[in-house]
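1 is the number that numbering that gives the first Met the number 0 gives to position 2 of the sequence shown; each next residue is one higher, with no gaps.
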Amino acid sequence: MSVERTFSIIKPDATRRNLTGSINQKLEAAGLRIVGQKRLQLTEAQAKAFYAVHAERPFYGELVSFMISGPVVVQVLEGDNAVAKNRAIMGATNPANAESGTIRKEFAESIEANSVHGSDSLENAKNEIAFFFSESEIVG
Ligand code: CMP
0 MSVERTFSII KPDATRRNLT GSINQKLEAA GLRIVGQKRL QLTEAQAKAF
50 YAVHAERPFY GELVSFMISG PVVVQVLEGD NAVAKNRAIM GATNPANAES
100 GTIRKEFAES IEANSVHGSD SLENAKNEIA FFFSESEIVG
């Protein structure tokens with residue numbers, strides 16, 4: 000196993016319902032350390048750029064509107080196999096398909112308002128962390 004860093008977002012549906020602590024508890028219980036964290040109101044330009052990979056998807060416009068509908072909490076998570084571990088604790092994109100005990104099964108409202116985002120590869124994790132954090136904001 001190797002120690003990795005991954006990137007996470009607690010989305011507006013979750014901050015609106017005051018679920019930041021409940022979600023962090025699940026992340027920490029799974030052995031992930033929150034080594035960087037800040038609460039932000041994303042701009043439309045930031046949300047569009049962050050999700051640019053989905054620009055051609057039919058849900059892109061709605062996704063951008065949703066991601067700027069309230070505050071988000073962006074995070075750097077560190078731990079053994081952090082990318083895969085975070086994906087496992089998040090559960091499937093669509094909460095209807097998520098396994099019990101996962102963040103999305105317990106908290107997500109819909110496939111769009113699905114409470115959390117997590118990097119899907121180590122390479123994307125590096126890029127997504129760099130999008131929001133400077134090195135000095137990450138303290139392991
Ligand atoms: P996330 O893991 O942040 O990556 C892309 C996001 O698009 C996804 O979570 C959902 O919030 C949102 N989304 C909305 N509709 C869909 C869909 N049909 N398929 C996948 N993602 C969707």
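Using N, Cα and C, we set each Cβ at its ideal position, and we do this for glycine too.
Please read these numbers as outputs of a predicted model, since none were measured by experiment.
With distances taken Cα to Cα, identify the nearest neighbour of residue i among the options.
| i | options | result |
| --- | --- | --- |
| methionine 89 | Phe49, Arg4, Leu18 and Ala107 | Ala107 |
| glycine 139 | Gly30, Glu77 and Ala13 | Glu77 |
| arginine 38 | Ala91, Phe130, Val72 and Met0 | Val72 |
| glutamate 136 | Thr14, Gln36 and Gln40 | Gln36 |
| leucine 31 | Arg86, Phe132 and Asn126 | Arg86 |
| serine 114 | Lys10, Arg4 and Val2 | Lys10 |
| phenylalanine 130 | Gln74, Ala112 and Ser21 | Gln74 |
| isoleucine 8 | Glu134, Ala112 and Ser133 | Ala112 |
| arginine 15 | Glu134, Pro70 and Ile110 | Pro70 |
| arginine 103 | Ser1, Val2, Met0 and Lys25 | Lys25 |
Using the beta-carbon count (16 or more within 10 Å), is residue i buried or exposed?
| i | result |
| --- | --- |
| glutamate 61 | exposed |
| proline 94 | buried |
| alanine 81 | buried |
| alanine 44 | exposed |
| valine 63 | buried |
| arginine 4 | buried |
To the nearest angstrom, how far is the alpha carbon of residue i from that of residue j?
| i | j | result |
| --- | --- | --- |
| threonine 42 | isoleucine 67 | 6 Å |
| aspartate 79 | threonine 101 | 18 Å |
| serine 151 | alanine 48 | The displayed coordinates of the chain run from 0 to 139. Any statement about residue 151 would go beyond what the structure contains. |
| aspartate 12 | alanine 124 | 22 Å |
| histidine 116 | alanine 83 | 13 Å |
| glutamine 40 | asparagine 17 | 15 Å |
| valine 34 | leucine 121 | 16 Å |
| glutamate 105 | serine 99 | 7 Å |
| serine 109 | valine 52 | 21 Å |
| threonine 19 | glutamate 27 | 12 Å |
| alanine 29 | threonine 92 | 19 Å |
Quick check on DSSP: helix, strand or coil for residue i?
| i | result |
| --- | --- |
| phenylalanine 132 | coil |
| isoleucine 110 | coil |
| glutamate 55 | coil |
| valine 82 | helix |
| glutamate 43 | helix |
| isoleucine 33 | strand |
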